[in-house]
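In the UniProt record's numbering, the protein residues as written are 1 to 195.
Cβ coordinates follow ideal geometry from the N, Cα and C atoms, glycine included.
Scroll down for the structure; my scribbles are underneath it.
Here it is, written out as structure tokens:
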């Protein structure tokens, strides 16, 4: 009985740590400008995930839904990602899902050449020039990495960064610890210049 209690407590501690890491990550590297800096509508940038098929996989479907819930009225949805693991660019696959499955009929742009997070950020920057507030959506630590990349490449745009709504307590709970470990490793590599 005692071993079961210890094991259950350990599992709860790991799950709790994953939640805390994602919650904290969703609040880092945000902008300093209140209310946006550009004259145009807000923008929500959704980062793609390698998609081997022609239909959106579970990760890209979730990211699109998180992007849609992150929109303010009139905001542009910008989907980014090239054909990293399949024949169709991630952005195109996500756009099809947003339009055909989610019924999204608002403003939408795609960037279909990026193969890395850094390229996502660099390649969508021209689409963000006139944006008010900018939200970046992915899992929390990946979105944090993209925000850090934007601060490094375009601090003028990064000053407009706002929180996306990708973090929800309990959502992806069992994956969050692994995503947090991987995300922290990649953030550390980016911070030290090795990744």
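- Query: Going by DSSP, which residues form a beta bridge with residue 39?
  - Reply: Bridge partners of residue 39: none, in fact.
- Could you give the uninterrupted runs of the beta strand (DSSP E) lying entirely in the stretch 123-176, keeping only those of 3 residues or more? 134-137
- Three or more beta-carbon pairs under 8 Å between the stretch 18-30 and the stretch 51-62, yes or no? The stretch 18-30 vs the stretch 51-62: no contact.
- Query: Going along the chain, which residues of its own chain have a beta-carbon closer than 7 Å to the beta-carbon of residue 128, five neighbours each way excluded?
  - Reply: Within the same chain, residue 128 has close Cβ partners 43, 134, 157.
- Measure how close the beta-carbons of residue 96 and residue 47 come, nearest whole angstrom, since I'm counting them as under 8 Å. Under the criterion of beta carbons closer than 8 Å, residue 96 and residue 47 do not qualify as touching, at roughly 17 Å.
- Task: Would you kindly check if the distance between the Cβ of residue 142 and the Cβ of residue 184 is under 9 Å?
- Result: no
- Backbone secondary structure at residue 56 - three-state DSSP: Residue 56 falls in the coil class under three-state DSSP.
- Please work out which residues of its chain come closer than 7 Å, Cβ to Cβ, to residue 23, disregarding the five sequence neighbours upstream and downstream, and give them in chain order. Its chain contains 167 as the residues whose beta carbon lies nearer than 7 Å to that of residue 23, once the 5 sequence neighbours on both sides are disregarded; these appear in chain order.
- How would you call residue 5, buried or exposed, if buried means at least 16 neighbouring beta carbons within 10 angstroms? exposed
- Roughly how many whole angstroms lie between the Cα atoms of residue 171 and residue 26? 14 Å
- What did DSSP end up calling residue 83 once you bin it into helix, strand or coil? coil
- Item | Backbone secondary structure at residue 179 - three-state DSSP | helix
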